[in-house]
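First comes the structure, then the notes that go with it.
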Amino acid sequence: MFRSLLPAVLVSVAGVCAGPIAFGLAEERIGPDLMAHPQPDWAHGLVELPRHGSRVYSLWVNGNDTFYFNAKPDDVTDLITKFSKVRLRDHVVRLVPGDPTVASFKKQEFAYNVSLNVLGGIALWHTKTTDPQPQTYEPVLTVYVAGEQQQKALQEYAWPESIVIQNDVADWDLSSQAKQPFRKLLHAVIQFDDGKPAVDFESGMSTTVTLWEKDQEHGFDLGTVGNEGQFTAAFSLDELAALKKGDLWLTMTVGNYTVKPKPADPRLDVDSFAFTPDGAKPVSVARSTTYYGRLLFEDGSPPVLNPLPWPGAEIQVDFPYAGPARPDADGYFRIALTAEQFENLKARKPRKNIYIPLYTEANHSRALHTFPAENLSPDAEKLTAVRIPRPKPDSSE
Numbered sequence: 001m002f003r004s005l006l007p008a009v010l011v012s013v014a015g016v017c018a019g020p021i022a023f024g025l026a027e028e029r030i031g032p033d034l035m036a037h038p039q040p041d042w043a044h045g046l047v048e049l050p051r052h053g054s055r056v057y058s059l060w061v062n063g064n065d066t067f068y069f070n071a072k073p074d075d076v077t078d079l080i081t082k083f084s085k086v087r088l089r090d091h092v093v094r095l096v097p098g099d100p101t102v103a104s105f106k107k108q109e110f111a112y113n114v115s116l117n118v119l120g121g122i123a124l125w126h127t128k129t130t131d132p133q134p135q136t137y138e139p140v141l142t143v144y145v146a147g148e149q150q151q152k153a154l155q156e157y158a159w160p161e162s163i164v165i166q167n168d169v170a171d172w173d174l175s176s177q178a179k180q181p182f183r184k185l186l187h188a189v190i191q192f193d194d195g196k197p198a199v200d201f202e203s204g205m206s207t208t209v210t211l212w213e214k215d216q217e218h219g220f221d222l223g224t225v226g227n228e229g230q231f232t233a234a235f236s237l238d239e240l241a242a243l244k245k246g247d248l249w250l251t252m253t254v255g256n257y258t259v260k261p262k263p264a265d266p267r268l269d270v271d272s273f274a275f276t277p278d279g280a281k282p283v284s285v286a287r288s289t290t291y292y293g294r295l296l297f298e299d300g301s302p303p304v305l306n307p308l309p310w311p312g313a314e315i316q317v318d319f320p321y322a323g324p325a326r327p328d329a330d331g332y333f334r335i336a337l338t339a340e341q342f343e344n345l346k347a348r349k350p351r352k353n354i355y356i357p358l359y360t361e362a363n364h365s366r367a368l369h370t371f372p373a374e375n376l377s378p379d380a381e382k383l384t385a386v387r388i389p390r391p392k393p394d395s396s397e
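Sequential numbering of the sequence shown, starting at 1, is according to the numbering used here.
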């Protein structure tokens, strides 16, 4: 997993935890984390808020991140200032009344007065598919206002011009010049050259759509293509006009989750969008390079465990950049890598990356063997299989 887990606490919500692979998990972290790592789908500059010293607690569930801060007045305005510099289409700050607390898994309570919600991963996908709205789903900073002193500090604060204030505090007239534009939801269909949806979950290949504007190094991540090639995003009339004029443009970036979009990536024509899913014109984009591998037991049989040590147990091969791969019934697997990533993998010192489910410990796997990058190939007919001993039910390994 890309996310740093220590000293965080992990609690299974649903599903199985197998070695480095986790599904349906909740993760909490208590106290500040001055060395927090940015996640691949975070907007540029967002990590400066999770790194803030006033952070007291954070909770992650299936991609939905919420950070809680117990901030002094100067810290509150510092958080707002940092938030205003994040690469977002809208910088929404909600002001709400209250003096809330949040409880940890062990019922320890933390007072907070600022929270940051970052919707991503499975949580973002579920939100978009179950209740799609014409919005950006970007991070929102919420400030809880309790008392006249805090109101005065925010009233005297020199609010950045980009901040959109949503003030829900009764009898308090504080607003901003910036406003959220009215947007409509547009639909696109993006596929590979062979007509298949521009996503390949088996190899970890996805297509990310990014919105760019002139003279800006970083774009706006609009999300990834769905499993049927569908893509939706919200645009205002001004944004559509800028797209048609060329002041803004859209790109399609194909690859694994670590591949960073570039302004020169293949373009997505705004004219291919429609206000209804059926009206969208399919757009084609080339696949990234797929590398194949094969894993077998020493006797030449595929790496299928029998008996299973626990329900759902399977052998997996984990690679930097690409993540976990699951051999099929014949031991073959494929992963998406750029040529540069492949060369970097070959230059690295080999490490144990073949995760074997343990018979002695339910829902756990251990890296016991190595699958060298040299044994991967873009041609499935020209690879050399890696062979490993068959796990024994009566052994700890």
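No residue lacks a Cβ here, since even glycine has one placed at the ideal position from N, Cα and C. Predicted, not measured: the structure shown is a model, and the values here were computed from it.
Of the residues the options, the one placed nearest residue i, counting alpha carbons only
| i | options | result |
| --- | --- | --- |
| K128 | A234, A380, W60 and Q316 | A234 |
| L240 | L268, R294, G223 and G226 | L268 |
| A322 | L243, Y291 and P311 | Y291 |
| E361 | P309, D278, P277 and F67 | P309 |
| P261 | P100, P160 and F220 | F220 |
| K72 | L358, W159, Q177 and V145 | V145 |
| D171 | L186, E161 and E148 | E148 |
| D75 | G63, S54, T101 and K85 | S54 |
| L186 | V114, K179, D215 and D271 | D271 |
| L119 | N64, A264 and E217 | N64 |
| D194 | S203, T210, K245 and V285 | V285 |
| K196 | G300, F342 and R287 | R287 |
| G121 | N62, V102 and E109 | N62 |
| V259 | F342, T276, Q230 and Q177 | F342 |
| Q230 | G204, A198, H218 and G293 | A198 |
Proximal residues to residue i (C-beta, below 6 Å), its chain only, five neighbours per side dropped
| i | result |
| --- | --- |
| T77 | Y157 |
| P320 | none |
| V386 | L295, F371 and N375 |
| E48 | K82 |
| D330 | P302 |
| H218 | H44 and R87 |
| Y359 | P309 and P393 |
Spatial distance of residue i from residue j (CA atoms)
| i | j | result |
| --- | --- | --- |
| L174 | L79 | 18 Å |
| A347 | A153 | 55 Å |
| P393 | I30 | 39 Å |
| A380 | F333 | 9 Å |
| E228 | S206 | 12 Å |
| K382 | A313 | 29 Å |
| L237 | G223 | 20 Å |
| V283 | F182 | 26 Å |
| P96 | T142 | The residue you asked about is not Pro; residue 96 is Val in the sequence shown. For V96 and T142, the distance between alpha carbons rounds to 7 Å. |
| D83 | L46 | At residue 83 the sequence reads Phe, which differs from the Asp that was named. Each residue's alpha carbon lies about 7 Å from the other. |
| L116 | F69 | 8 Å |
| K184 | Q191 | 23 Å |
| P389 | R366 | 14 Å |
| I165 | K85 | 15 Å |
| A274 | A188 | 7 Å |
| P266 | A43 | 21 Å |
| A36 | V225 | 28 Å |
| D131 | A26 | 23 Å |
| K245 | K214 | 12 Å |
| P100 | Y112 | 6 Å |
| V114 | G98 | 11 Å |
Residue i at chain C interface by Cβ criterion, 8 Å
| i | result |
| --- | --- |
| K214 | The structure shown contains no chain C, having only a single protein chain. |
Cβ shell of residue i (< 7 Å), same chain only, five flanking positions each side left out
| i | result |
| --- | --- |
| F2 | The predicted position of F2 is uncertain, since its pLDDT is 37 and thus under 50; a value taken from the coordinates is nonetheless stated next. Taken in chain order, the residues that qualify are Q39 and P40. |
| S350 | The question names Ser, but residue 350 is Pro in the sequence shown. Correct list, in chain order: T370 and P372. |
| W249 | W212, L243 and R267 |
| K179 | V164 |
Near the ligand HEM: residue i beta-carbon under 7 Å from a heavy atom
| i | result |
| --- | --- |
| Y332 | Because no ligand of any kind appears in the structure shown, any question about the ligand HEM cannot be addressed here. |
Own chain partners of residue i with C-beta closer than 8 Å, once the 5 adjacent residues on each side are dropped
| i | result |
| --- | --- |
| F201 | N227 |
| F297 | P303, R387, I388, P389 and R390 |
Next on the checklist: Using a Cβ distance threshold of 8 Å, determine whether the segment 328 to 343 contacts the segment 246 to 266, with at least three qualifying pairs required.
Outcome noted: The segment 328 to 343 makes contact with the segment 246 to 266: 3 or more CB pairs, one atom from each, lie closer than 8 Å.
### Task
Decide if the segment 75 to 91 is in contact with the segment 125 to 141; the criterion is three or more beta carbon pairs, one per stretch, under 8 Å apart.
Result yes; three or more Cβ-Cβ pairs closer than 8 Å.
Please go through the segment 249 to 337 and give each complete beta strand (DSSP E) segment of 3 or more residues, from N-terminal end onward. Fully enclosed beta strand (DSSP E) runs of no fewer than 3 residues occupy 282 to 285, 290 to 297, 316 to 319, 323 to 325 and 332 to 336 of the segment 249 to 337, in order along the chain.
Fill in: Contiguous beta strand (DSSP E) assignments of at least 3 residues, all confined to the segment 143 to 199
Entirely contained in the segment 143 to 199, the beta strand (DSSP E) runs reaching 3 residues are, in chain order, 163 to 167 and 183 to 192.
Whole beta strand (DSSP E) elements within the segment 51 to 79, 3-residue minimum = DSSP runs (the beta strand (DSSP E)) wholly in the segment 51 to 79: 55 to 61 and 64 to 69.
Which residue spans inside the segment 82 to 115 form an unbroken beta strand (DSSP E) run of at least 3? Whole beta strand (DSSP E) segments, 3+ residues: 91 to 97, 101 to 103 and 109 to 111.
On the three-pair Cβ rule with 8 Å, is the segment 300 to 307 touching the segment 269 to 283? In short, these stretches do not touch, since the Cβ pair count stays below three.
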